[in-house]
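All remarks here apply to the structure that follows.
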């Protein structure tokens, strides 16, 4: 093509002559209107065949270009036919060795997973678990590998925790009820226990200082809240359907982790359901179970059950703020710290103070019915009005003592005196 372009430029004396290609004309000469006048005049018109005229250009071809275009088209067809034939041949060879290819792919996948787990185990100081035929799960210094990596990137450390479960109730409780404030780490604790079992039985080292695991045949997890709009199920209905499946299917070798069962309905209904589910897991399913809840009444159930126990995620108040220690300790939590968590989440100060007042009234009227307590509580608007700043307080709030000149300070003093007089 380049050689033909140079040849035609020399023959016509047009230095800027260009050869182009499109899907309609194939290879052709693209000339300006002025260049076209020379190509359509004798003797060049005998060699250059006019094909098309556009607004800004005129297109020509030659016998050589037409033959070259046809040759290239035939070569393209032959190339495609050859490619298809080779592909068909290769596909036939692959199909004939399908079993070998599948085996090789499976071997490579196994090596890939093993290498990945080995690298992770070395980097995360994971240990080899001990797996036996017991019904226990005894972990020391267990960690959640994903959460640990996330906090590590933020420059923080992960707090390891122990876990002891035994469906026979010998070396640990069959049912562990976990309480503690929101954001303290209850869900993470549940998930890391389930992950220990999954990783150990997958042949991996585990993120724990030590793990002894009795073989688990199924892991059931009801963690998190979600609805199923496509099937017309609310969050609570979805939770109940999944919980029902667990209670119907979990056997003695199952591991069950449940988080906040019953929270999607009225308080007493939710407590009753959570109580019944926990009791059923202990008495009927008789499997290793961890049950996180905000219903502190369930801690009394754990104390009554033969193989039940309580644990809580520690937190403490420091200078009015809530500090999460992320440590699992025996026994129930002493309180939920819900208002402190709401404050951490950014609720307006007025709403937080209102919540404290309502909580104090509720705790003081522990023997009253909910209707009686609601009747006794003043409305939010009344409380806000009671705490509305006075004119004197508002005047004080507007003053910046560091930015006042002597004259401005004197004027501010007069304003404060006037506000005090008007408030009498």
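Residue numbers (our numbering): 5 to 428. Every residue gets a Cβ at the ideal spot worked out from N, C-alpha and C, and that includes glycine. Remember, it's a predicted structure, so these values are computed and weren't measured experimentally.
Q: Please list, in chain order, all residues of the same chain as residue 279 whose beta carbon is under 8 Å from its beta carbon, the five residues on each side excluded.
A: 299, 301, 302, 305
Q. In chain order, which continuous runs of the beta strand (DSSP E) of length 3 or greater are located wholly inside the region 172 to 233?
A. 179 to 183, 214 to 218, 222 to 226
Q.
Given a cut-off of 8 Å on the beta-carbon distance, is the pair residue 243 and residue 226 in contact?
A. yes
Q. Do residue 213 and residue 145 have their C-beta atoms within less than 8 Å of each other?
A. Yes, they are a contact pair.
Q: Enumerate in chain order the residues of its own chain whose CB-to-CB distance from residue 341 is below 7 Å, with the five nearest sequence positions on each side excluded.
A: Closer than 7 Å at the Cβ level, and outside the excluded window around residue 341, lie 185, 319, 326.
Q) Within 10 angstroms of its Cβ, does residue 253 collect 16 or more other Cβ (buried), or is it exposed? A) exposed
Q.
List, from N- to C-terminal side, the beta strand (DSSP E) runs of 3 residues or more that fit wholly inside the region 240 to 313.
A. 258 to 263, 292 to 296
(Q) For residue 14, list the residues DSSP reports as bridge partners. (A) Answer is none; residue 14 lacks a bridge partner.
**Q.** Cβ neighbour criterion (16 or more within 10 Å) applied to residue 17
**A.** Residue environment: residue 17 is assigned as exposed (fewer than 16 neighbouring CB atoms within 10 Å of its CB, all protein chains considered).
Q) In whole angstroms, what is the alpha-carbon distance linking residue 14 and residue 79? A) 29 Å
Q) Apart from the five residues on each side of it in sequence, which residues of its chain come closer than 6 Å, Cβ to Cβ, to residue 22? A) 34
Q | Short Cβ contact (8 Å threshold) for residue 141 with residue 180 | A | no
Q. In terms of DSSP beta bridges, what is residue 31 paired with?
A. 25
Q. What residues in its chain sit with their C-beta under 6 Å from that of residue 296, if we drop five residues either side in the sequence?
A. 182, 190, 194, 263
Q) Going by DSSP, which residues form a beta bridge with residue 150? A) Paired residues: none, contrary to the question.
Q | Range of the contiguous alpha helix (DSSP H) that encloses residue 410 | A | 410 to 426
Q: Look at the alpha carbon of residue 31 and the alpha carbon of residue 85, and state the distance between them as a whole number of angstroms.
A: Their Cα atoms are separated by approximately 23 Å.
Q. Whose C-beta lies closer than 7 Å to the C-beta of residue 419 among residues of the same chain, with five residues either side of it excluded?
A. 399
Q. Is it true that the CB of residue 218 sits closer than 8 Å to the CB of residue 138?
A. yes
Q. What residue range is occupied by the uninterrupted beta strand (DSSP E) comprising residue 65?
A. 62 to 65
Q. Are residue 315 and residue 333 closer than 8 Å when you measure CB to CB?
A. yes
**Q.** Residue interval of the alpha helix (DSSP H) (run including residue 57)
**A.** Where residue 57 is concerned, there is no enclosing alpha helix (DSSP H), although the beta strand (DSSP E) it sits in stretches over 53 to 57.
**Q.** Anticipated Cβ contact below 8 Å, residue 113 with residue 211, distance rounded
**A.** With a Cβ gap of about 23 Å, residue 113 and residue 211 do not count as contacting.
Q: Taking all protein chains shown into account, decide if residue 50 is buried (16 or more other Cβ within 10 angstroms of its Cβ) or exposed.
A: Under this definition residue 50 is an exposed residue.
Q | DSSP beta-bridge partners of residue 316 | A | 183, 333
Q: Could you tell me the distance, in whole angstroms, from the CA atom of residue 37 to the CA atom of residue 60?
A: Near 7 Å, if we compare the C-alpha coordinates of residue 60 and residue 37.
Q. How is residue 351 classed by DSSP in three states: helix, strand or coil?
A. coil
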